[in-house]
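Worksheet: the structure to be examined is printed underneath.
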Amino acid sequence: MADLSVNIAGVEFSNPIIAASGTIGFGHEYGELYPLSVFGGISCKGTTLEERLGNPPPRIAETSMGMLNAVGLQNPGAEHFINVELPWLKKQNTVIIANAAGSTENDYCKITELLSDTDVDMIELNISCPNVKAGGAQFGKSPQSVEKITSAVRKYCKKPLIIKLSPNVSDITEVARAAECAGADAVSLINTLTGMRIDINTRRPIIKNVTGGMSGPAVFPVAVRMVYQVKKAVKIPVIGLGGISTWQDAVEMMMAGADAIQIGTVLFTDPYAPIKISEGLHGWLDTHEMKSVTELTGTVITD
Amino acid sequence: MKFDVQDCTLVGKYRLTPTIYDFRLKNSQLAEITKPGQFTHVLIPGKTLRRPVSVCDVEGDIIRIVFEIRGDGTRILSECEVGSVINIIAPLGNGFNIPKDKKTVFIGGGIGVPPMLYCAEQAGSNSVVINGFRDKSAVILSEDFKKTGCRLIETTDNGTYGINGFVTDPLKEIIDDIDVIFACGPTPMLKNISILAKAHNKPCFVSLEQRMACGIGACLGCAVGIKKSDGSITYKHVCKDGPVFNSEEVDW
Ligand SMILES: Cc1cc2nc3c(=O)[nH]c(=O)nc-3n(C[C@H](O)[C@H](O)[C@H](O)COP(=O)(O)OP(=O)(O)OC[C@H]3O[C@@H](n4cnc5c(N)ncnc54)[C@H](O)[C@@H]3O)c2cc1C
Ligand SMILES: Cc1cc2nc3c(=O)[nH]c(=O)nc-3n(C[C@H](O)[C@H](O)[C@H](O)COP(=O)(O)O)c2cc1C
Ligand code: FES
Chain A
1 MADLSVNIAG VEFSNPIIAA SGTIGFGHEY GELYPLSVFG GISCKGTTLE ERLGNPPPRI
61 AETSMGMLNA VGLQNPGAEH FINVELPWLK KQNTVIIANA AGSTENDYCK ITELLSDTDV
121 DMIELNISCP NVKAGGAQFG KSPQSVEKIT SAVRKYCKKP LIIKLSPNVS DITEVARAAE
181 CAGADAVSLI NTLTGMRIDI NTRRPIIKNV TGGMSGPAVF PVAVRMVYQV KKAVKIPVIG
241 LGGISTWQDA VEMMMAGADA IQIGTVLFTD PYAPIKISEG LHGWLDTHEM KSVTELTGTV
301 ITD
Chain B
1 MKFDVQDCTL VGKYRLTPTI YDFRLKNSQL AEITKPGQFT HVLIPGKTLR RPVSVCDVEG
61 DIIRIVFEIR GDGTRILSEC EVGSVINIIA PLGNGFNIPK DKKTVFIGGG IGVPPMLYCA
121 EQAGSNSVVI NGFRDKSAVI LSEDFKKTGC RLIETTDNGT YGINGFVTDP LKEIIDDIDV
181 IFACGPTPML KNISILAKAH NKPCFVSLEQ RMACGIGACL GCAVGIKKSD GSITYKHVCK
241 DGPVFNSEEV DW
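Going line by line, the protein sequences match chains A and B. Position 65 (the first sequence) corresponds to 65 in the numbering used here; numbering is contiguous. Position 205 (the second sequence) corresponds to 205 in the numbering used here; numbering is contiguous.
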């Protein structure tokens with residue numbers, strides 16, 4: 001059997017499949033179904049310094065082969081995460097990534113400083129959540145703002161730092177380069193694409209927040225394109241996500257340039273997806289006589 | 001095992017009205033651990049999101065669900081044929097805690113009627129069921145409820161069947177005589193029942209709906225506003241904290 005392990009910014013993952021932030025909470029629920037070690041890592045729910053209630057409902061709308069969400073960073077706050085969730089998570093035999101969010105540069109620095117003194121393995125900076133008025137997306141909008149927030153946070157960050165990029169930008173490669181220049185150890189992309197649905201019977205948006213973040217299979221080609229472009233633009237590891245739902249998608253995302261992948265929305269359709277994807281990866285690698293999953297990364301042929 | 005994702009075989013399919021279907025799903029492991037008021041999260045071929053559907057009844061290794069065609073997802077589900085495989089996550093949610101020794105009234109409105117069947121079966125025969133429908137053509141499950149031994153009262157909004165009026169009309173007449181209310185149905189109905197319950201100082205539990213993604217409490221998608229004791233509003237989640245809530249804490 002091939003080796004599925006990957007190393008991202010010095011952190012060893014038993015396989016390249018990471019649960020995407022916000023889709024698995026702090027792991028308890030999916031942990032009822034299988035050991036969380038089926039994932040190489042878990043990116044926890046976006047966490048802010050203080051508890052946040054999140055947006056008023058409805059928060060969810062279905063789209064063709066996808067969905068919108070406007071949960072709005074509902075989370076119990078950094079202290080609860082560190083004292084209650086993290087000790088349990090650390091026993092689950094998988095890499096624990098904290099997903100940090102905030103409203104101001106100061107918030108981001110403070111939460112990074114707090115998390116740096118804990119047992120989390122990595123910090124993923126969420127500067128791309130489209131669902132909160134002051135929730136970070138403004139920091140992810142331009143290369144300048146990404147560079148500024150990344151270098152500010154870098155000073156406080158003693159853990160490997162992943163910058164999570166928003167697809168809602170005109171040139172994703174410039175944003176990725178800005179993160180790299182400012183000291184990011186890796187980038188993850190894509191966060192959700194801002195979308196909207198209207199109930200034609202009531203003439204009202206289905207989501208109370210009016211707009212929501214789009215995810216799921218429908219965004220996959222956009223994510224593959226962006227990962228492909230970013231891989232060519234930066235030297236740091238690239239974590240690819242957005243709409244991956246089968247092992248074939250995982251292979252494709254890695255061929256486009258991903259060193260590791262995250263899966264989110266597919267968990268809602270099929271909670272057992274991570275197991276099926278790693279089995280599929282094993283099968284593919286064995287059939288193609290590859291010894292390591294890392295041999296897949298960036299192997300797309302474009303001539 | 002609290003819940004699992006498993007295939008079931010569709011072993012019975014009945015059309016109760018032109019738009020309401022009664023499905024019998026065979027899966028002994030899941031049936032064994034399912035309680036009244038819990039729900040299943042049903043995979044729909046070609047759809048990203050599953051559809052939450054309440055458990056109507058459990059008989060041996062069969063989970064019964066009754067659903068109405070409301071859109072594309074429920075239409076696709078209604079086209080499944082006997083013998084086909086349906087994947088569900090179940091049992092989900094907290095369900096109703098039905099006291100054995102109390103005089104209970106179970107109230108269902110429209111497509112909120114089916115989940116009350118399994119509840120009524122668990123209660124003693126001194127309990128009452130009030131089911132409300134739009135009109136005669138929408139009436140379902142009368143024979144099943146009669147078999148529970150509970151007293152059955154049926155209403156229609158236009159009087160084409162049963163009592164002419166809303167479920168709250170007969171409720172007003174018996175409310176002083178009962179100990180606890182359980183209800184499932186459209187939000188305005190639940191709200192009116194909860195007002196009545198409060199006025200008569202009766203405990204009342206309602207089953208709420210919300211749009212869902214994960215169905216198990218991980219994504220925080222299915223929020224409902226809940227009043228805290230200090231009067232401020234917080235959010236709880238229908239799939240994990242509910243679908244059954246104490247009506248007093250719901251932010252109507
Ligand atoms: C806990 C719970 C139990 C339920 N039990 C039953 C039942 O026993 N029988 C029954 O007929 N219906 C039940 N419903 C409602 C049922 O889930 C919806 O009618 C169904 O999801 C509609 O799907 P659709 O694709 O046909 O409609 P569409 O409108 O096309 O659906 C689009 C999206 O909106 C969601 N949605 C639409 N209406 C609702 C709703 N009322 N509640 C939650 N999500 C909705 C769908 O799940 C889907 O994601 C229940 C809902 C909940 C939350
Ligand atoms: C319900 C929901 C909540 C999310 N919450 C967060 C979050 O807190 N932080 C974050 O960085 N991304 C969040 N995301 C975005 C996902 O992590 C991911 O970037 C996106 O959904 C695309 O991947 P997918 O198509 O595999 O789901 C959320 C997505 C969903 C669907
Ligand atoms: S649907 Fe995910 S928390 Fe309820």
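Don't be surprised by glycine CBs; every beta carbon is placed ideally from N, CA and C. Source: prediction; values computed, not measured.
For residue i, the residue or residues it bridges with in DSSP
i, result
"Glu124 of chain A", "A:Asn99, A:Ile162"
"Met253 of chain A", "Per DSSP, none; premise fails for Met253 of chain A."
"Val53 of chain B", "B:Thr40"
"Gln6 of chain B", "B:Ile88"
"Pro205 of chain A", "A:Ile198"
"Gln306 of chain A", "The structure shown does not extend to residue 306 of chain A, since chain A is modelled only from 1 to 303, so the question has no answer here."
"Thr211 of chain A", "A:Met196"
"Leu25 of chain B", "B:Leu10, B:Ile63"
"Tyr235 of chain B", "B:Gly225"
"Arg15 of chain B", "B:Tyr21"
"Glu12 of chain A", "A:Asn7"
"Glu62 of chain A", "A:Met67"
"Ser292 of chain A", "A:Asp3"
"Ser188 of chain A", "A:Lys164, A:Ile239"
"Ser43 of chain A", "A:Ile97"
"Glu68 of chain B", "B:Ile20"
"Gly132 of chain B", "B:Gly109, B:Thr155"
"Ile24 of chain A", "Looking at the DSSP assignment, Ile24 of chain A forms no beta bridge with any residue, so it has no partner."
"Asn246 of chain B", "B:Phe205"
"Arg52 of chain A", "A:Asn75"
"Ala183 of chain B", "B:Ile107, B:Val206"
"Asn164 of chain B", "B:Thr156"
"Val58 of chain B", "B:Ile63"
8 Å contact criterion, which residue i and residue j should meet: CB distance rounded
i, j, result
"Ile261 of chain A", "Pro16 of chain A", "6 Å"
"Gly242 of chain A", "Val222 of chain A", "7 Å"
"Met254 of chain A", "Leu296 of chain A", "4 Å"
"Ile172 of chain A", "Val230 of chain A", "6 Å"
"Ala123 of chain B", "Cys150 of chain B", "6 Å"
"Thr47 of chain A", "Asn106 of chain A", "With 8 Å as the limit, Thr47 of chain A and Asn106 of chain A do not qualify as a contact, their Cβ atoms being about 16 Å apart."
"Leu208 of chain B", "Phe245 of chain B", "6 Å"
8 Å CB neighbourhood of residue i in its chain, flanking five on each side removed
i, result
"Met214 of chain A", "Thr63, Gly66, Met67, Leu68, Thr192, Leu193, Thr194, Gly195"
"Lys232 of chain A", "Thr173, Gly257"
"Asp169 of chain B", "Thr155, Ile163"
"Phe268 of chain A", "Thr23, Met67"
"Val82 of chain B", "Leu10, Val11, Gly12, Lys13"
"Pro160 of chain A", "Ile8, Ala9, Gly10, Val11, Asp121, Met122, Ile123, Asp185, Ala186"
"Lys146 of chain B", "Leu152"
"Lys155 of chain A", "Cys109"
Contacts around residue i, its chain only, beta-carbon distance under 7 Å, and the 5 residues preceding and following it disregarded
i, result
"Ser137 of chain B", "Thr17"
"His237 of chain B", "Gly217, Leu220, Cys222, Ala223"
"Asn55 of chain A", "Ala70, Val71, Gly72, Asn131, Lys208, Asn209"
"Phe39 of chain B", "Pro52, Val53, Ser54, Val55, Leu92, Gly93, Pro243"
"Thr36 of chain B", "Looking at the sequence shown, residue 36 of chain B is not Thr but Pro. So the qualifying residues of the chain are Gly95, Phe96, Ile98, Tyr118, Cys119, Gln122."
"Cys299 of chain A", "For the record, residue 299 of chain A in the displayed sequence is Thr; it is not Cys. Excluding sequence neighbours, Thr299 of chain A sits near Met255."
"Met226 of chain A", "Pro167, Ile172, Leu189, Ile190"
"His28 of chain A", "none"
"Pro76 of chain A", "Glu51"
"Gln74 of chain A", "Arg52, Leu53, Gly54"
"Ala218 of chain A", "Thr63, Ser64, Met65, Gly66, Gly243"
Contact set for residue i: own chain, Cβ-Cβ below 6 Å, skip 5 residues either direction
i, result
"Ala179 of chain A", "Val146, Thr150, Ile163, Val187"
"Ala112 of chain B", "It is Gly, not Ala, that sits at residue 112 of chain B in the sequence shown. Correct list, in chain order: Cys184, Gly185."
"Val105 of chain B", "Val128, Ile178, Ile181"
"Arg24 of chain B", "Val11, Gly12, Ile62, Arg64"
"Ser14 of chain A", "Ser5, Gly40"
"Ser37 of chain A", "Asn93, Thr94"
> Which residue spans inside the region 191-223 of chain B form an unbroken beta strand (DSSP E) run of at least 3?
Replying inline: Counting only runs of 3 or more, we get 204-207.
>> Which runs of the alpha helix (DSSP H) at least 4 residues long sit entirely within the region 71-118 of chain B? Give them in chain order.
In response: 72-78
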